[in-house]
Amino acid sequence: MPKSPAPPKRRLPRAKSKPPSKKRRSPPSELLKLVGARIREVRKERGYSQDHLAYSIPIDRAHVGLIENGKSAASIITLVKFAIALECEVGDLFPYVEDLRPYADWLEE
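Its first residue numbered 128, the sequence shown is counted upward by one per residue in our numbering.
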């Protein structure tokens with residue numbers, strides 16, 4: 128008995144190409160260092176150690192160190208927790224506007 132021909136292969140619909148997504152860029156390390164230095168300054172003005180601040184939030188003390196040294200970006204929630212623990216406004220944790228001006232182009236993109 129002759130074999131029947133194989134059924135034609137179905138083609139899968141092509142995936143629609145996605146529009147190019149904007150890649151999330153990390154802030155310049157200098158900007159992170161400015162923010163971290165300001166957080167450290169406020170913490171020291173209050174007389175708190177990194178351990179005390181980390182315990183009151185709570186986050187790992189090493190993470191506080193990474194943020195203060197500009198090695199890690201703090202989330203807005205972490206900044207709010209810092210402000211509550213340090214009894215200051217969130218804005219007090221940021222550098223002065225004059226210090227941020229060199230980063231204006233990066234902030235606008």
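Each residue gets a CB set at the ideal place from its N, CA and C atoms; glycine is no exception. Predicted model only: the values in this text are computed from it and were never measured.
Would you grab the beta carbon distance between V191 and L180 for me? Rounded to a whole angstrom, and I think it's under 8 angstroms. A Cβ-Cβ separation of about 6 angstroms places V191 in contact with L180 under the 8 angstroms criterion.
Check: What three-state label does DSSP hand Y314 in the structure shown?
Finding: One cannot answer for residue 314 here, as it falls past the ends of the chain, which runs 128 to 236.
Requested in this report: Could you say which of I184, S202, L213, V224 lies nearest to G174 if we only look at CA atoms?
Outcome: With distances taken between Cα atoms, G174 lies closest to L213.
Residue ranges of each alpha helix (DSSP H) within the region 152–232, 4 or longer: Within the region 152–232, the complete alpha helix (DSSP H) runs of at least 4 residues are 156–172, 177–183, 188–195, 203–213, 224–227.
Query - Spatial distance of C215 from F209 (CA atoms) - result: For C215 and F209, the gap between their C-alpha atoms comes out near 8 angstroms.
I need the straight-line Cα distance from D232 to L193, nearest angstrom please. Each residue's Cα considered, the two are about 25 angstroms apart.
Item checked: CB-CB length for L69 against R165, believed under 8 angstroms -> Because residue 69 is not part of the residues shown, which for the chain are 128 to 236, the question remains open.
Take V217 as the anchor and find which of D226, P229, A201 has the nearest alpha-carbon. Ranked by how close their Cα comes to the Cα of V217, the residues D226, P229, A201 have A201 in first place.
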